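**Q**
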Amino acid sequence: VYRASTANGSQVAVKVRRPGAVQQVALDCLILRKSLALLQAYWQSDSTDYVGILNEVIAGLIRELDFRNEANIAPIFWQKHYSQAPYLRVPRPGFSEPKDVASVTSRVHTAEWCRGLTLNALTNDNQKRDMVAKGLDVCFLQLFETGMLHADLHLGNFLYNSDTEELILLDFGLVQNLQPEQIDAMAAAVVSVVQQDWNKFLKALRAVGMLPATPKVWVNPATGERTDGLGPGTWKVCDEDEFVQGFVGALQTEGVLLSFTEVTARLTRLALSYQFILPPWLLFVVRAVITFDGVAESLSPPLSALDFAAPHAARRVLAPLTPQGEADLRALLTKNDEDYESPCLDLEKFRNLGVDSPLVSEGAGLAPREQALATVAVDLLLKRSDGRALRKLIADINPVPLTRLAATQATTLAFSIKPLPKW
Numbered sequence: 211v212y213r214a215s216t217a218n219g220s221q222v223a224v225k226v227r228r229p230g231a232v233q234q235v236a237l238d239c240l241i242l243r244k245s246l247a248l249l250q251a252y253w254q255s256d257s258t259d260y261v262g263i264l265n266e267v268i269a270g271l272i273r274e275l276d277f278r279n280e281a282n283i284a285p286i287f288w289q290k291h292y293s294q295a296p297y298l299r300v301p302r303p304g305f306s307e308p309k310d311v312a313s314v315t316s317r318v319h320t321a322e323w324c325r326g327l328t329l330n331a332l333t334n335d336n337q338k339r340d341m342v343a344k345g346l347d348v349c350f351l352q353l354f355e356t357g358m359l360h361a362d363l364h365l366g367n368f369l370y371n372s373d374t375e376e377l378i379l380l381d382f383g384l385v386q387n388l389q390p391e392q393i394d395a396m397a398a399a400v401v402s403v404v405q406q407d408w409n410k411f412l413k414a415l416r417a418v419g420m421l422p423a424t425p426k427v428w429v430n431p432a433t434g435e436r437t438d439g440l441g442p443g444t445w446k447v448c449d450e451d452e453f454v455q456g457f458v459g460a461l462q463t464e465g466v467l468l469s470f471t472e473v474t475a476r477l478t479r480l481a482l483s484y485q486f487i488l489p490p491w492l493l494f495v496v497r498a499v500i501t502f503d504g505v506a507e508s509l510s511p512p513l514s515a516l517d518f519a520a521p522h523a524a525r526r527v528l529a530p531l532t533p534q535g536e537a538d539l540r541a542l543l544t545k546n547d548e549d550y551e552s553p554c555l556d557l558e559k560f561r562n563l564g565v566d567s568p569l570v571s572e573g574a575g576l577a578p579r580e581q582a583l584a585t586v587a588v589d590l591l592l593k594r595s596d597g598r599a600l601r602k603l604i605a606d607i608n609p610v611p612l613t614r615l616a617a618t619q620a621t622t623l624a625f626s627i628k629p630l631p632k633w
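Be aware that the sequence shown starts at 211, since it is given in the numbering used here, and climbs by one per residue.
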């Protein structure tokens, strides 16, 4: 990438594709694809479609080499995210009018020059912390709310403007559009981790496509006994209760909230014994999350990526995109009470969703959890079109317990109000 000046004095970033680059990449990818197919046949592995993953990467690389795709995607990405992330800046392709992309061809990409520093170049610890916090926030905003994922979220594609406190996101050649089923399932997985409900986490991973419907264990083909996944063996169907017990036992902790990195590490160890599947689309998601999770943990004091994921995941759970998501919402927030014929709202589970954002706490103060929950719920019920599922749930539940709670809290609030001081 080069810095240049236009005839009218505008500063622009110029990216040029080298001659023969497409042909060279295509040849390298063909060799990789054939080699990987031979290796997968030698391993006799059907748990993960390695060739399918490579095909996703190849398709992304080829799209990325046509700079017109990046010029078309960048403004769409900004429009989808800016209202919820006003600190975000996306360099505008071209250099004259907002819709003018005449300076972009398949081989040459020109965009406005945005002044900023990479994370490693920042010397102020508060600025580093602010940059990572905003990076985490915008990462999970993509995953759980817009579904438009920048699939190349390495630190080189982020800049921070210390004067404006803007987070600058670069390089939109590789963008993945997630499906509603994928978004709902990932949101349910994160909420399950926050609530330490590993049975629901298992169910969410199956919905994501990481676990087969029938569990399998890695065994020695000669003896049929379980063996380490690094050695020779084959997959054998195992008992569901045995798998659930092993899965929950591997993730169970005593009052310690696991980070994304730790959850990934434990699942990786579990995958040495039980069959896991890595869907091709999930590769980009895992890469994006792990990149920032590692950086967040390295700060002093560390930031928790899970704290930033939880608010976005909770809001998606409250506003599901699919019928399965609506069913999960109803199961999550309602309970049967012997005093009432119809289901009641489970307020304790509602409080444990955790929709208050740690990004707010970095500023002038964080609202209490109940206030944050009420704000999100009212916003969904009264303003947002995606609050349909929550409105339907509220209409179906028994209103008596909720009304009694509201009356009790209103009375408590009334008696806690202090009289105004005399003049």
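All residues carry an ideal CB built from backbone N, CA and C; glycine is no exception. Here the structure is a predicted model, which is why all the values come from computation and not from measurement.
Kindly list the residues whose CB is nearer than 7 angstroms to the CB of G345, restricted to its own chain and excluding five residues on each side of it in sequence; keep chain order.
**A** Contacts found: F368, L377 and F502.
**Q** May I ask which residues mark the beginning and end of the beta strand (DSSP E) holding W323?
**A** No beta strand (DSSP E) holds W323; DSSP gives it neither H nor E.
**Q** Go ahead and label H522 buried or exposed: buried means 16 or more other beta carbons lie within 10 angstroms of its beta carbon, across all protein chains shown.
**A** When all chains shown are included, H522 counts as buried.
**Q** For the beta strand (DSSP E) containing L377, list its first residue and its last residue.
**A** Where L377 is concerned, the enclosing beta strand (DSSP E) stretches over E376 to L379.
**Q** Taking the DSSP output, what are the residues bridged to S215?
**A** In the DSSP output, where bridge partners are listed per residue, S215 has Q221.
**Q** Can you have a look at D335 and say buried or exposed, based on whether 16 or more other CB atoms are within 10 angstroms of its CB?
**A** Exposed, because fewer than 16 other Cβ atoms sit within 10 Å of the Cβ of D335.
**Q** Measure the C-alpha to C-alpha separation of P490 and A524 and round it to an integer number of angstroms.
**A** When rounded, the distance between both Cα atoms is 25 angstroms.
**Q** Kindly indicate the opening and closing residues of the beta strand (DSSP E) around H360.
**A** Unbroken beta strand (DSSP E) run through H360: M358 to H360.
**Q** Run through DSSP, which three-state label would R302 get?
**A** Coil, per DSSP.
**Q** Are the CB atoms of F287 and V385 nearer to each other than 8 angstroms?
**A** For F287 and V385, yes; Cβs fall inside 8 angstroms.
**Q** Tell me where the alpha helix (DSSP H) around F486 begins and ends.
**A** Run containing F486: none; DSSP gives neither H nor E here.
**Q** Do you know how far the Cα of L363 is from the Cα of R497?
**A** Those two C-alpha atoms are separated by around 8 angstroms.
**Q** Is D310 helix, strand or coil when you go by DSSP?
**A** Here the model assigns D310 a pLDDT of 45, short of 50, so the residue's position is not dependable, and the following value carries that caveat. Residue state, collapsed to three classes: coil.
**Q** In terms of alpha-carbon separation, which member of Q406, L528, V505 and V400 lies closest to A520?
**A** Minimum Cα distance to A520 is reached at V400.
**Q** Spatial neighbours of L351 within its chain, please: C-beta separation below 7 angstroms, excluding the five flanking residues on both sides.
**A** Result list for L351: H291, Q294, A295 and H522, in chain order.
**Q** Check whether the stretch 477-493 touches the stretch 451-458, taking contact to mean three or more Cβ pairs, one atom from each stretch, closer than 8 angstroms.
**A** They touch, by the three-pair rule.
**Q** State the Cα-Cα distance for the pair G596 and A529, rounded to the nearest angstrom.
**A** Reading off the sequence, residue 596 comes out as Asp, not Gly. Roughly 6 angstroms between the two C-alpha positions.
**Q** Since N330 is in the beta strand (DSSP E), which residue starts that stretch and which ends it?
**A** Segment: none, N330 is in no beta strand (DSSP E) and carries neither H nor E.
**Q** Counting Cβ pairs, one atom from each stretch, are 3 or more of them under 8 angstroms apart for the stretch 414-430 and the stretch 387-400?
**A** Contact holds: three or more Cβ-Cβ distances are below 8 angstroms.
**Q** Can you tell me whether DSSP reads N371 as helix, strand or coil?
**A** If DSSP states are grouped into helix, strand and coil, N371 belongs with the strands.
**Q** Under the rule that 16 or more other beta-carbon atoms within 10 Å means buried, what is E580, buried or exposed?
**A** Any reading at E580 needs caution, since the residue's pLDDT is 45, under 50, leaving its predicted position unreliable; the model's value is listed next. So E580 ends up on the exposed side.
**Q** Should V314 and R339 be called a contact, given that it needs their Cβ atoms to be closer than 8 angstroms?
**A** No, these two residues do not count as a Cβ contact at 8 angstroms.
**Q** Does the distance from the C-beta atom of Q392 to that of V418 stay below 8 angstroms?
**A** Taking 8 angstroms as the Cβ cut-off, Q392 and V418 qualify as a contacting pair.
**Q** Near R325, which residues of its chain fall below 7 angstroms by C-beta distance, leaving aside the five closest residues on each side in sequence?
**A** Contacts found: N371.
**Q** Which one or two residues does DSSP pair with N387 in a beta bridge?
**A** DSSP output for N387 lists M358 as bridge partner(s).
**Q** Could you check how far apart the C-beta atoms of A207 and V527 are, in whole angstroms? I think they sit under 8 angstroms.
**A** Residue 207 is absent from the model: the chain starts at 211 and stops at 633.
**Q** Thinking just about the alpha-carbon of each residue, which of H319, Q289 and A331 is nearest to the one in R228?
**A** Taking only the C-alpha atoms, the option nearest R228 is H319.
**Q** Using the Cα positions of V403 and L467, report the straight-line distance between them to the nearest angstrom.
**A** The alpha-carbon atoms of V403 and L467 are separated by roughly 8 angstroms.
**Q** K545 bridges to which residues according to DSSP?
**A** Beta-bridge pairing links K545 to C554.
**Q** Excluding five sequence neighbours on each side, which residues of the same chain lie with their C-beta closer than 7 angstroms to the C-beta of L242?
**A** Taken in chain order, the residues that qualify are L264.
**Q** Figure out for me which residue from W408, E355 and L543 has the closest Cα to the Cα of A460.
**A** Of the listed residues, the one whose Cα sits closest to A460 is W408.
**Q** Could you compute how far the alpha carbon of Q221 sits from the alpha carbon of D347?
**A** Near 29 angstroms, if we compare the C-alpha coordinates of D347 and Q221.
**Q** Tell me the rounded alpha-carbon separation between R213 and A251.
**A** So the alpha carbons of these two residues sit roughly 48 angstroms apart.
**Q** Kindly list the residues whose CB is nearer than 6 angstroms to the CB of R317, restricted to its own chain and excluding five residues on each side of it in sequence; keep chain order.
**A** Result list for R317: R227, in chain order.
**Q** Tell me whether T374 is buried or exposed, calling it buried when 16 or more other Cβ atoms sit within 10 Å of its Cβ.
**A** Label assigned to T374: exposed.
**Q** Mind reading off the beta-carbon distance from G270 to A361? Whole number of angstroms is fine, and I expect it under 8 angstroms.
**A** Correct: roughly 7 angstroms between the Cβ atoms.
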